[in-house]
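I have placed the structure first, in the form of structure tokens, so that the comments after it can refer back to it.
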Amino acid sequence: MNQLPLFSQSKSVRDFYQPDAEIILYQGDSNNFIKTIPDNSVSLIITSPPYNLGKDYEKKISLDTYLETQTKILREFSRILQDNGSICWQVGNFVQEGEVYPLDIFYYQLFKQMGFFLRNRIVWHFGHGLHTSKRFSGRYETILWLTKTDKYTFNLDPVRIPAKYPGKRHFKGKNIGKPSGNPLGKNPSDVWEFLTQEWDELLWDIPNVKSNHPEKTIHPCQYPIELVERCVLALTNEGDWVFDPFAGVGTSLIASIMHNRRVMGSEKEAEYVKIAQERIAAYCQGNLKIRPLGKPIHQPNGKEKVAQIPEEWHNNI
């Protein structure tokens with residue numbers, strides 16, 4: 001079931017920065033848009049940046065050139081971010097001539113040079129992706145969570161997960177005999193596992209957006225709304241500004257709107273902006289297909305045809 005929208009009618013989506021706006025979606029270069037954002041105004045910068053490293057929808061450039069172009073916008077983050085603000089930077093690996101380059105390592109060095117503090121390197125593990133024959137198939141990406149200062153917003157309670165053993169009690173000390181956990185649940189850790197053992201294993205289970213995902217659009221590297229939701233809930237408060245410099249089809253915008261945050265995004269591809277606008281309108285009207293936060297995933301029982309060993313393989317077992 002889709003979550004109900006927060007609004008009885010569509011919200012106004014502005015196409016340039018205005019201080020009284022609630023939703024802003026700029027079509028164009030993020031380097032141009034970010035210059036219009038006031039100093040110390042943003043609570044969370046969250047995005048999955050384009051890699052520009054040879055995907056079908058990107059012009060292939062070298063890794064060094066790519067990082068140089070990214071540095072330009074990263075330098076603006078310290079200016080627009082509030083002192084209690086955070087950055088969530090979601091990236092994967094770049095593979096060139098069979099060698100893997102983990103982009104989070106390169107980005108960490110850039111952010112560190114600019115004075116940001118790494119709080120967590122979150123591992124997002126998912127169950128589907130491209131298969132490879134000369135190395136193990138890649139099934140994870142990372143989220144770098146960085147802060148501007150040591151005094152940052154962190155709301156753990158909204159993102160707690162159920163404890164596996166809520167009945168555990170202290171066995172010594174002044175609290176002996178009392179419950180040892182938190183009635184609201186457990187800290188979900190820095191490994192968010194997607195498509196396996198969600199709540200039972202104390203991991204966050206969020207599938208990546210593939211062809212059968214309810215949120216799927218034409219974007220080839222779309223990330224799920226609930227991945228952004230957890231960052232928004234933990235690192236911002238209602239009414240705060242969230243900014244996605246590479247907004248794509250509006251996933252970060254929708255996740256922020258769902259939880260009463262003000263949000264702005266920039267995206268250079270006009271087709272993606274159009275889809276983002278349509279998705280925002282659909283959410284406000286209550287008919288956007290969304291995978292609810294924390295929804296358990298289907299577990300095969302072994303009787304499905306696709307779970308059976310093909311007859312052709314029986315002689316090889």
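UniProt numbering applies: residue 1 is where the sequence shown begins, and numbers increase by one. The C-beta atom is built at its ideal place from N, Cα and C for all residues, glycine as well.
Closest by CA to residue i, which one among the options?
i, options, result
"Gln113", "Arg79, Gln90, Thr142, Leu74", "Leu74"
"Leu81", "Leu63, Lys35, Thr69", "Lys35"
"Gly250", "Gly286, Glu278, Leu146", "Glu278"
"Pro102", "Thr147, Asn93, Gly181, Ala276", "Asn93"
"Leu156", "Arg291, Ile225, Ser189", "Ser189"
"Gly98", "His259, Phe16, Ala270, Thr132", "Thr132"
"Tyr66", "Arg262, Arg79, Phe106, Ala255", "Phe106"
"Gly85", "Leu110, Pro50, Ile290, Asp39", "Asp39"
"Asp240", "Asn31, Val13, Leu44", "Leu44"
"Gly185", "Tyr108, Lys151, Gln96, Pro162", "Pro162"
"Arg14", "Asn287, Arg291, Ala276, Val100", "Ala276"
"Leu227", "Tyr283, Asn237, Gly286, Val159", "Val159"
"Pro245", "Phe33, Leu63, Asp83", "Phe33"
"Leu235", "Phe16, Phe154, Leu110", "Phe154"
"His259", "Val100, Ile122, Leu233", "Leu233"
"Ala270", "Ala247, Ser12, Phe116, Gly115", "Ala247"
"Asp64", "Ile87, Phe77, Gln96", "Gln96"
"Cys88", "Ser62, Val42, Ile61", "Val42"
"Glu68", "Ser78, Asp83, Gln109", "Gln109"
"Asp150", "Ser78, Gly173, Phe117", "Phe117"
"Arg79", "Asp104, Gly115, Ile61", "Gly115"
"Glu229", "Ala255, Asp104, Leu144", "Ala255"
"Ile46", "Val242, Arg291, Asn315, Asn287", "Val242"
Can you give me the start and stop residues for the alpha helix (DSSP H) that residue i sits inside?
i, result
"Asn32", "30-34"
"Val273", "270-284"
Counting only C-beta atoms, is residue i closer than 8 Å to chain D at any point?
i, result
"Asp29", "In the displayed structure, chain D is absent; only one protein chain is listed."
Do you know offhand how far residue i's Cα is from residue j's?
i, j, result
"Phe136", "Ile176", "47 Å"
"Thr71", "Gln90", "16 Å"
"Ser48", "Phe171", "45 Å"
"Gly28", "Tyr272", "11 Å"
"Gly167", "Cys231", "28 Å"
"Pro224", "Phe126", "11 Å"
"Ile37", "Pro179", "47 Å"
"Tyr140", "Trp124", "5 Å"
"Arg119", "Lys164", "25 Å"
"Pro220", "Leu253", "Low confidence applies to Pro220: its pLDDT is 48, below 50, so where it sits in the model is not reliable, and the reading given next is rough at best. Rounded to the nearest angstrom, the two C-alpha atoms are 18 Å apart."
"Tyr152", "Lys134", "43 Å"
"Pro19", "Leu146", "26 Å"
"Lys148", "Glu311", "58 Å"
"Trp204", "Val191", "In this predicted model, Trp204 has a pLDDT of only 47, less than 50, meaning its place in the structure is not dependable; the value taken from the coordinates is given anyway. Between Trp204 and Val191, the C-alpha separation is close to 7 Å."
"Asn187", "Gly181", "10 Å"
"Ser12", "Arg169", "51 Å"
"Leu53", "Asn31", "Note that Leu53 has pLDDT 49, beneath the 50 cutoff, so the model's placement of it is unreliable and no number is given."
"Ala281", "Arg262", "16 Å"
"Tyr17", "Gln285", "24 Å"
"Glu215", "Pro50", "Caution is warranted here: a pLDDT of 49 is assigned to Glu215, below 50, making its placement in the model unreliable, and no coordinate value can be reported."
"Asn237", "Ile257", "12 Å"
"Lys289", "Ser62", "37 Å"
"Glu76", "Phe111", "11 Å"
"Arg291", "Thr142", "21 Å"
In the DSSP assignment, the beta strand (DSSP E) including residue i goes from what residue to what residue?
i, result
"Tyr26", "23-27"
"Thr47", "42-47"
| task | Mind listing, in chain order, the continuous alpha helix (DSSP H) runs of no fewer than 4 residues lying wholly within the segment 216-265? | result | If only uninterrupted alpha helix (DSSP H) runs of at least 4 residues are considered, those enclosed by the segment 216-265 are 225-235, 251-258.
| message | Does the segment 24-42 come into contact with the segment 264-279, if we say contact requires no fewer than three beta-carbon pairs (one atom in each stretch) closer than 8 Å? | response | Because the criterion of three Cβ pairs below 8 Å is met, the segment 24-42 and the segment 264-279 touch.
| query | Which runs of the alpha helix (DSSP H) spanning at least 4 residues fall entirely within the segment 58-143, listed in chain order? | reply | Those alpha helix (DSSP H) runs which fall completely within the segment 58-143 and span 4+ residues are 63-80, 103-113.
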